[in-house]
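Protein chains in written order, with this note's numbering: chain A, 390 to 714; chain B, 345 to 748.
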Ligand SMILES: Cc1ncc(C[n+]2csc(CCOP(=O)(O)OP(=O)(O)O)c2C)c(N)n1
């Protein structure tokens with residue numbers, strides 16, 4: 390198995406999908422010959438031609454509206470939004486159109502072939518408009534799926550699954566890890582399940598749940614906590630919508646404690662949904678209140694980014710607070 | 345209501361038939377084109393423009409170098425576009441509103457933004473008007489009527505229409521100029537802005553810097569038409585295309601546009617044809633999408649050299665003046681950069697201010713908890729710890745990795 394980074398894994402997934410099915414198209418701002426500003430689509434135009442991999446004009450509502458039309462026609466568009474912060478001009482197309490195509494037409498039409506890829510998250514000194522984690526806005530919308538990979542292996546398998554999924558998928562890529570996350574990835578085609586969380590480490594005292602770039606941070610916190618004799622179970626949610634309540638509930642029934650982390654602001658963040666649902670299912674088994682470690686209820690800062698972000702130390706303190714409640 | 349003549353054959357009109365000429369006054373050698381009038385630009389104003397161009401160029405060169413040395417996380421240059429930006433800003437009243445995209449530091453320099461003010465924003469220190477919240481080059485100045493930059497492209501364009509409409513109602517005889525790239529002109533916001541401006545007769549000047557590229561995307565992949573200018577017709581708006589590297593043409597066109605906007609309440613679109621000589625940003629490498637040869641062609645059309653030749657023809661400028669100005673500015677940039685680098689970051693409390701007019705109870709709780717946490721781990725948050733207890737974090741840490 391070759392050791393590659395997350396961008397290479399994403400590029401491989403796109404390459405496999407395009408080779409296998411000529412209805413698969415990749416497009417977005419700077420996606421064509423340049424290969425995207427992060428180079429996730431490198432060489433695809435060379436290999437598959439300008440009709441299947443191309444630059445679009447600079448208009449996100451146009452990109453997603455165009456992709457909706459393509460998908461309704463039966464093509465399999467993989468549209469790139471250059472930064473998740475700039476997905477909002479396309480919000481109406483995603484929330485009112487992508488998500489409701491199948492429902493409103495009684496399944497006469499659907500846009501199941503659509504995948505929208507967008508780099509999200511902080512930790513790159515990107516400041517206010519290159520750091521946001523917008524997953525919770527979309528999680529309030531039935532009809533789309535939301536997937537976030539944590540490493541190169543997951544990125545390839547989940548992206549291939551997203552492209553082939555019968556429903557439209559928003560695929561948020563943790564850009565801090567694009568080059569930083571390196572790992573073994575099989576060269577061949579494989580898929581990972583959408584809608585299933587993964588227990589990445591078993592433990593007995595406390596459950597930790599996160600997704601994307603937070604998984605690395607959780608692992609660091611867990612290492613410190615275990616030195617203090619606290620046994621941690623770690624779960625990567627992987628799919629924000631639909632999300633895997635059973636796996637988390639099962640774990641919390643065992644450990645009696647739960648810490649959820651995400652970079653997005655606390656209020657209305659997806660951790661709020663998880664804690665409400667788990668509290669309903671596991672109330673009598675909980676030994677302490679469910680803890681959330683999140684960004685502040687403010688826009689994303691630049692100079693004080695380190696202070697703002699949920700890091701391993703903040704997670705460690707939450708673990709301690711939960712265990713010592 | 346519009347009435348049109350009738351026709352009884354299915355004859356289609358096509359955008360192919362559309363092409364808009366380019367207004368030019370000043371040739372590269374500093375002479376005027378035959379038949380072109382020299383605009384009314386006196387010596388003091390001409391030198392103010394030229395001075396601002398050199399300020400912008402020196403700042404750009406020095407700050408890109410600083411970024412390469414790792415002293416700055418990110419930078420964007422305006423090299424090659426100085427005449428378009430400064431020439432247009434100079435044709436306005438200094439109290440007119442400027443809503444810029446991000447590559448218009450020249451307009452700020454013209455209005456008198458100091459090197460200290462530039463540097464404080466670039467380094468996001470405690471003196472930054474934006475309180476260290478946005479990436480470098482996101483300047484703003486209330487005093488100089490320069491709206492703080494927002495990164496999402498084109499969002500400022502319909503805002504400019506609204507701002508200008510407010511200016512009209514206020515009756516102060518002022519207008520708004522809004523700058524954007526030919527890439528940003530593809531956004532829906534652009535179309536909404538022009539339509540509303542035309543319908544509501546807002547005194548706004550839409551200034552498109554058509555510099556040939558939006559990051560790597562060349563303008564031929566951005567639109568099929570003859571540039572951005574023809575779109576004005578669809579909205580029944582005044583439009584002119586100018587040589588964006590020609591300071592006299594840009595200045596004169598914008599002067600006339602301002603008259604149309606303020607006196608007649610006619611919004612105007614100006615498309616300045618220029619070239620982004622630099623990379624898109626310090627994170628970009630243009631060798632991946634265009635040739636050196638293409639860049640060289642445009643280097644020969646340098647707007648600053650062109651203006652300098654004109655000034656020399658007029659006897660308003662010479663080598664000695666050039667040399668001493670350049671030397672003085674270079675020294676000043678270095679000195680102010682050192683000063684800005686040493687200034688502390690904004691205080692921790694600034695994390696929760698300005699979200700609302702007053703800090704809400706929830707934000708106060710979150711801040712208190714963060715302070716508790718940082719007091720337990722001061723070494724992990726040197727910037728935040730510094731404002732809790734300046735002794736805790738005396739050593740500077742700069743761990744920026746660069747953004748977009
Ligand atoms: C809504 C939105 N989409 C994408 C981006 C990312 N982006 C930043 S600059 C840029 C290119 C802009 O090109 P243009 O408007 O032609 O201006 P230029 O950089 O050439 O001056 C892009 C795509 C953004 N900032 N905002």
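No residue lacks a Cβ here, since even glycine has one placed at the ideal position from N, Cα and C. Computed from a predicted structure; not experimentally measured.
Taking 7 Å as the cut-off, is the C-beta of residue 495 of chain B nearer than that to any heavy atom in ligand 1? If you number the second chain from 1, residue 495 of chain B lands on position 151. Correct: residue 495 of chain B has its Cβ closer than 7 Å to ligand 1.
Would you give the residue range spanned by the alpha helix (DSSP H) that residue 392 of chain B belongs to? Translated into the one-based positions of the second chain, residue 392 of chain B becomes position 48. Run containing residue 392 of chain B: 387 to 412, per the alpha helix (DSSP H) assignment.
Please confirm whether any heavy atom of ligand 1 lies closer than 7 Å to the CB of residue 432 of chain A. Counting from one through the first chain, the residue named residue 432 of chain A turns up at place 43. Outside the cutoff, so no.
Helix, strand or coil for residue 751 of chain A? Go by DSSP, reduced to three states. In the structure displayed, chain A extends from 390 to 714; residue 751 of chain A sits before or after that span and is not available.
Should residue 463 of chain B be labelled buried (16 or more other beta-carbon atoms within 10 Å of its own) or exposed? Stepping through the second chain from its first residue, residue 463 of chain B is reached at position 119. With 16 or more other Cβ atoms within 10 Å, it is buried.
Beta-carbon proximity of residue 492 of chain B to residue 504 of chain B, cut-off 8 Å: For the purposes of this step, residue 492 of chain B is taken as residue 148 along the second chain, with counting starting at 1. For the purposes of this step, residue 504 of chain B is taken as residue 160 along the second chain, with counting starting at 1. Contact flag unset, no.
From the DSSP output, which residues share a beta bridge with residue 394 of chain A? Locating residue 394 of chain A in the first chain gives position 5, where the first residue counts as 1. Residue 394 of chain A pairs with A:571.
Just list the residues that DSSP pairs residue 587 of chain B with in beta bridges. Taking the first residue of the second chain as position 1, residue 587 of chain B is located at position 243. Partner(s): B:617.
Using a threshold of 7 Å, is the CB atom of residue 450 of chain B nearer than that to any non-hydrogen atom of ligand 1? Taking the first residue of the second chain as 1, we reach residue 450 of chain B at position 106. Not so, every heavy atom of ligand 1 lies at least 7 Å from the Cβ.
Would DSSP call residue 467 of chain B helix, strand or coil? Indexing the second chain from 1 puts residue 467 of chain B at position 123. Residue 467 of chain B: coil per DSSP, three-state reduction.
Along chain A, in chain order, which residues have C-beta atoms closer than 8 Å to that of residue 479 of chain B? Within the second chain, numbered from 1, the residue matching residue 479 of chain B stands at position 135. Those are 514, 515, 516, 517, 518, 519 and 691, listed as they occur along chain A.
Delimiting residues of the beta strand (DSSP E) encompassing residue 681 of chain A: In the first chain, the residue the question calls residue 681 of chain A occupies position 292. Segment 680 to 684, the beta strand (DSSP E) holding residue 681 of chain A.
I'd like to know if the stretch 434 to 451 of chain B and the stretch 406 to 415 of chain B are in contact, where contact means that at least 3 CB-CB pairs between them fall below 8 Å. no
Taking the DSSP output, what are the residues bridged to residue 489 of chain B? Position 145 of the second chain, counted from the start, is the residue given in the question as residue 489 of chain B. DSSP lists no partner for residue 489 of chain B.
If you count every other CB in all the chains shown that lies within 10 Å of the CB of residue 590 of chain B, and 16 or more means buried, which is it? Counted from its first residue, the second chain places residue 590 of chain B at position 246. Flag for residue 590 of chain B reads buried.
Within 10 Å of its beta-carbon, does residue 449 of chain A have 16 or more other beta-carbons around it, so buried, or fewer, so exposed? Looking up residue 449 of chain A in the first chain gives position 60. Counting Cβ neighbours within 10 Å, residue 449 of chain A comes out buried, since at least 16 surround it.
Rounded C-alpha distance that separates residue 400 of chain B from residue 422 of chain B: Reading the second chain from its first residue, position 56 is the one you call residue 400 of chain B. Reading the second chain from its first residue, position 78 is the one you call residue 422 of chain B. For residue 400 of chain B and residue 422 of chain B, the distance between alpha carbons rounds to 8 Å.
How about residue 640 of chain B and residue 571 of chain B: do their beta carbons lie closer than 8 Å? Counted from its first residue, the second chain places residue 640 of chain B at position 296. Counted from its first residue, the second chain places residue 571 of chain B at position 227. No, they are not a contact pair.
Please look up how many angstroms separate the CB atoms of residue 511 of chain A and residue 696 of chain A, rounded, as I've assumed it's under 8 Å. The sequence position of residue 511 of chain A within the first chain is 122, counting from 1. The sequence position of residue 696 of chain A within the first chain is 307, counting from 1. No, residue 511 of chain A and residue 696 of chain A are not in contact; Cβ-Cβ is about 12 Å, not under 8 Å.
Determine which residues share a DSSP beta bridge with residue 590 of chain A and list them. Numbered from its first residue, the first chain carries residue 590 of chain A at position 201. DSSP, once it has assigned bridges, lists A:623 as partnering residue 590 of chain A.
If we ignore side chains and look at the alpha-carbon of each, how far apart do residue 597 of chain B and residue 586 of chain B end up? Here residue 597 of chain B corresponds to residue number 253 of the second chain, with the count starting at 1. Here residue 586 of chain B corresponds to residue number 242 of the second chain, with the count starting at 1. So the alpha carbons of these two residues sit roughly 7 Å apart.
Does any heavy atom of ligand 1 sit closer than 7 Å to the C-beta of residue 524 of chain B? Residue 524 of chain B sits at position 180 when you count from the first residue of the second chain. The answer is yes for residue 524 of chain B.
Can at least three beta-carbon pairs, one atom from the stretch 438 to 448 of chain A and one from the stretch 408 to 421 of chain A, be found at a separation below 8 Å? yes
Just checking: is the beta-carbon of residue 444 of chain A within a distance shorter than 8 Å of some beta-carbon in chain B? On the first chain, residue 444 of chain A is found 55 positions in, with the first residue counted as 1. Yes, residue 444 of chain A counts as interfacial toward chain B.
Report buried or exposed for residue 703 of chain A, applying the criterion of at least 16 other Cβ atoms within 10 angstroms of its Cβ. Position 314 of the first chain holds residue 703 of chain A. Result: buried.
Does any residue of chain A bring its CB to less than 8 Å from the CB of residue 633 of chain B? Within the second chain, the letter at position 289 stands for residue 633 of chain B. By this cut-off, residue 633 of chain B is an interface position.
Is it the case that the Cβ atoms of residue 594 of chain A and residue 465 of chain A are separated by a distance below 8 Å? Counted from its first residue, the first chain places residue 594 of chain A at position 205. Counted from its first residue, the first chain places residue 465 of chain A at position 76. Result no, Cβ atoms of residue 594 of chain A and residue 465 of chain A do not sit closer than 8 Å.
Name the DSSP bridge partner or partners of residue 520 of chain B? Residue numbering aside, residue 520 of chain B sits at position 176 when the second chain is read from its first letter. Answer is B:441 and B:548.
Using the beta-carbon of each residue, which ones in chain A are nearer than 7 Å to residue 714 of chain B? Residue 714 of chain B sits at position 370 when you count from the first residue of the second chain. The contacting residues are 696.
Can we say the stretch 434 to 442 of chain A touches the stretch 458 to 476 of chain B, given the rule of at least three CB pairs closer than 8 Å? no
Note down, in chain order, every chain A residue with its Cβ under 7 Å from the Cβ of residue 468 of chain B. Taking the first residue of the second chain as position 1, residue 468 of chain B is located at position 124. Result: 691 and 692.
Straight-line gap, residue 356 of chain B to residue 588 of chain B (C-alpha atoms, nearest Å): Against the second chain, residue 356 of chain B aligns to sequence position 12. Against the second chain, residue 588 of chain B aligns to sequence position 244. Near 33 Å, if we compare the C-alpha coordinates of residue 588 of chain B and residue 356 of chain B.
Three-state secondary structure assigned by DSSP to residue 743 of chain B: The sequence position of residue 743 of chain B within the second chain is 399, counting from 1. Note on residue 743 of chain B: pLDDT 43, under 50, position unreliable in the model; no value is reported.
Between residue 473 of chain A and residue 530 of chain A, how many whole angstroms is the CB-CB distance? I'm expecting something under 8 Å. To locate residue 473 of chain A, count along the first chain from 1; it is residue 84. To locate residue 530 of chain A, count along the first chain from 1; it is residue 141. Incorrect: roughly 15 Å between the Cβ atoms, too far for contact.
6 Å Cβ shell around residue 593 of chain B - same chain, five flanking residues per side excluded: Walking along the second chain from the start, residue 593 of chain B turns up at place 249. Excluding positions up to five away in sequence, the list reads 367, 368, 369, 586 and 587.
By Cβ distance below 8 Å, which residues in the same chain neighbour residue 383 of chain B in space, the five residues on each side in sequence not counted? Start at 1 with the first residue of the second chain, and residue 383 of chain B comes out as number 39. Closer than 8 Å at Cβ, skipping near neighbours: 369, 592, 595, 596 and 599.
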